[in-house]
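Beneath this line is the structure, given in structure tokens, with notes to follow.
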Amino acid sequence: MDFINFLIEKNILNESAAKTVSEQLADNGGDLEAALKKAGLTSEQVLKSRSEFLGVPLKEVDNVNVTFDILKYIPEESARHYKIAPISITDGFLEVGMMNPDDLEAKDALNFLSSKTDVPFKIFIISQDSFDKILNVYKGLSGQVNQALDELGDDDNFTKDENILETKQSEDDENTRIIEDAPVTKIVATVLKYAVEGNASDVHIEPMYDKVRVRFRVDGTLNVSLLLPIKVLSAVVARIKILSKMKLDEKRKPQDGRFSTNIDGRRVDFRVSTFPSYYGEKVVMRILDQQKGVKGIDELGLSKRNIELLREAIAKPYGLILISGPTGSGKSTTLYSLLKEVDKDKHNVLSLEDPVEYSVEGVSQSQVRPDIGYTFATGLRTTLRQDPDIIMVGEIRDGETAKLAIQAALTGHLVLSTIHTNTSAGIIPRLIDMGVDPYLIPPTLVLGIAQRLVKKICPNTGEVVKIEGSIKEMMRKQFEDLPEQYRSSIPYTDEFLKIKPNSTCPTGTSGRMAVFEMYEMDKDIEKVILENPVESEIYRAARAKGMITLKEDAIVKAMEKKIPFEEINTL
């Protein structure tokens with residue numbers, strides 16, 4: 000049965016009117032709704048009838064409150080082309096409004112988008128007015144940028160416009176302010192504003208064959224936020240270079256810089272890096288929001304045992320505290336938290352960083368410059384002549400820096416630093432590989448730490464799931480080799496929270512927290528270092544003293560319903 004016969008059967012349309020509608024369809028290119036309206040039906044009648052005919056519920060979107068987090072699920076281009084629009088997340092399902100629920104091509108596109116986000120969807124039929132209202136919400140980021148692109152017109156030689164490259168200094172503030180009077184400047188300012196408001200940690204501006212892709216990294220995941228025409232690349236990059244005080248004419252090699260600006264009345268720092276790629280220069284900007292500031296140790300998500308270990312370590316007059324983990328695992332955040340914890344009135348605290356990310360009051364912070372020979376190694380030699388008590392070294396990258404850090408710890412200084420290894424037990428073999436004599440490690444290394452970042456579950460969200468069978472057995476075996484005195488403190492449960500998005504938390508997660516494993520130096524670990532310093536033996540000795548691994552710390556946090564069950568498998 001077709002829709003016209005359905006209307007006849009429901010006494011909404013008589014035979015004569017139906018014949019007229021059929022004739023009009025042949026004349027006006029198949030616009031059924033227009034033909035039905037000419038026959039006397041209202042838009043509301045047509046919509047309700049189509050909803051009943053197709054078996055798809057009707058959704059009224061009068062007071063639409065679609066957030067940008069919801070819009071991420073369906074790109075604007077797809078929404079316009081297929082006439083589909085995200086509405087909200089309800090009971091873990093993405094509610095999608097469709098103008099034509101019987102459009103198979105639109106359904107295929109929706110299935111593809113759903114497979115990428117791993118969020119199931121429910122379809123509703125919506126009116127043209129409702130669809131237009133949702134499209135208007137998209138015009139926050141892309142709308143403002145498109146308006147700026149329209150102002151640019153077709154001129155490809157944008158960088159000749161002096162306004163694009165204009166920077167000003169405010170009379171009472173040395174921080175560069177983003178001027179919003181030139182089109183390209185509007186594009187950059189809009190991108191940065193929405194990145195900060197969306198809690199992004201990084202902004203990627205990357206050229207492709209025929210477009211420029213803008214992505215925001217939020218909670219460790221990159222999302223495409225905007226597509227720009229390739230013709231604006233050189234102007235956008237030039238604008239960012241001007242702000243960052245980089246060389247405009249150097250496009251063949253990478254450059255680094257930084258700038259500060261005021262967004263919504265607060266200072267935000269951006270650390271900028273350019274990279275010459277095949278289609279042009281790529282720009283990555285790390286967002287350092289000064290308002291968020293440096294976290295205290297209690298805010299890191301440490302267990303009671305690990306907090307005690309950390310506080311005991313930084314209270315020591317000398318020694319070496321090393322934090323390991325890959326790039327982006329939160330090591331710098333932990334280092335800053337340690338600096339915040341120490342008594343900066345009674346101690347001379349210095350730091351060597353690459354680069355300086357956050358300003359810590361009471362700490363003399365210095366940025367190393369390898370291009371002029373000011374490295375972590377040369378900086379360490381300098382700091383030792385500054386009568387330091389506590390020295391923070393951003394990273395131990397080579398044997399020279401490692402040996403100098405050990406010597407500094409031996410001569411009465413507390414040294415905090417990071418090193419790239421996969422586990423805390425791997426720190427010691429890594430130091431030995433760098434040329435540090437094994438007998439120097441026990442008297443200097445106070446604490447070995449490894450960490451990773453996992454996503455936090457949104458407050459008052461999540462679906463309670465019970466684990467059983469093989470998964471429950473796996474959990475039990477995970478702690479099997481932990482001594483009983485420590486195993487008894489694990490908050491065992493068979494109930495966990497699984498990610499369940501809702502309208503206030505579209506992804507089901509918000510923010511990240513760290514998971515840790517750490518051990519302190521003792522006689523047993525010292526014996527292993529002097530006799531057989533391999534990772535497995537160091538782990539065994541640390542385990543006997545109650546060390547919880549990264550995965551186990553994640554399991555405990557999942558048992559405490561701080562993180563979703565799914566995050567356990569990321570470690």
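Under numbering that gives the first Met the number 0, think of the first position of the sequence shown as 0, with each following residue one higher.
We put the beta carbon where it would ideally sit given N, CA and C, even for glycine.
Model, not experiment: these values are computed from the prediction.
Closest Cα partner of THR184 within the set ARG214, LYS240 and ARG304: LYS240
Neighbour-count burial assignment, ASN305, 16 or more Cβ in a 10 Å radius: buried
Own chain residues within Cβ distance below 7 Å of PRO85, not counting five before or after: VAL65, ILE69, LEU70, TYR72, ILE73, LEU93 and VAL95
Reduced DSSP secondary structure (H/G/I, E/B, other) of GLU170: Low confidence applies to GLU170: its pLDDT is 37, below 50, so where it sits in the model is not reliable, and the reading given next is rough at best. Residue state, collapsed to three classes: coil.
Rounded distance between the beta-carbons of ARG285 and SER200, thought under 8 Å: 7 Å
Contact check, LYS389 vs VAL445, beta carbons under 7 Å: At residue 389 the sequence reads Ile, which differs from the Lys that was named. Cβ atoms of ILE389 and VAL445: not closer than 7 Å.
Simplified DSSP assignment, three categories, for ARG396: coil
Rounded straight-line distance, which links the Cα of GLU205 to that of ASP255: 16 Å
In chain order, each beta strand (DSSP E) run of at least 3 residues that lies wholly inside the region 418–476: 444–456 and 462–465
Boundaries of the beta strand (DSSP E) in which GLU280 is found, first to last residue: 279–288
Among ASP1, PRO532 and GLU22, nearest to ASP432 - alpha-carbon criterion: PRO532
Endpoints, beta strand (DSSP E) assigned at VAL195: Not the beta strand (DSSP E): VAL195 falls in the alpha helix (DSSP H), residues 182–196.
Bridge partner(s) assigned by DSSP for ILE124: LEU57 and MET97
Whole-angstrom C-beta distance between GLY425 and SER323, which should lie under 8 Å: 7 Å
Touch test, the region 450–458 against the region 552–570, Cβ-Cβ under 8 Å, three pairs minimum: yes
At least three beta-carbon pairs within less than 8 Å, the region 381–401 to the region 349–357: yes
Cα-Cα separation between ARG212 and LEU134, rounded to whole angstroms: 21 Å
Whether TYR518 touches GLY447 by CB criterion (7 Å): yes
For MET558, the three-state DSSP class (helix, strand or coil): helix
Where GLU519 falls: helix, strand or coil (DSSP): strand
Min CB distance PRO85 to chain B below 7 Å: Absent from the structure is chain B; it holds one protein chain and no more.
Segments of 3+ residues assigned as beta strand (DSSP E) that fall wholly inside the region 349–396: 363–366 and 389–392
Segments of 4+ residues assigned as alpha helix (DSSP H) that fall wholly inside the region 220–276: 232–243
Beta-carbon separation (whole angstroms), LYS115 vs MET97, contact threshold 8 Å: With 8 Å as the limit, LYS115 and MET97 do not qualify as a contact, their Cβ atoms being about 19 Å apart.
Coarse secondary structure for ILE572, derived from DSSP in three states: What is shown of the chain runs 0 to 570, which leaves residue 572 out entirely.
C-alpha gap between LYS345 and MET207, whole angstroms: 54 Å
VAL355 burial status per 10 Å Cβ neighbour count (16 or more: buried): buried
GLU551 classed as buried or exposed, judged by whether at least 16 other C-beta atoms fall within 10 angstroms: buried
Own chain residues within Cβ distance below 7 Å of PHE478, not counting five before or after: ARG486, ILE489 and GLU551
Helix, strand or coil at VAL341 according to DSSP, with G and I counted as helix: coil
Alpha helix (DSSP H) segment containing GLU536, residue limits: 534–543
Stretch-stretch touch, CB-based, cutoff 8 Å, three pairs: the region 293–307 with the region 376–390: no
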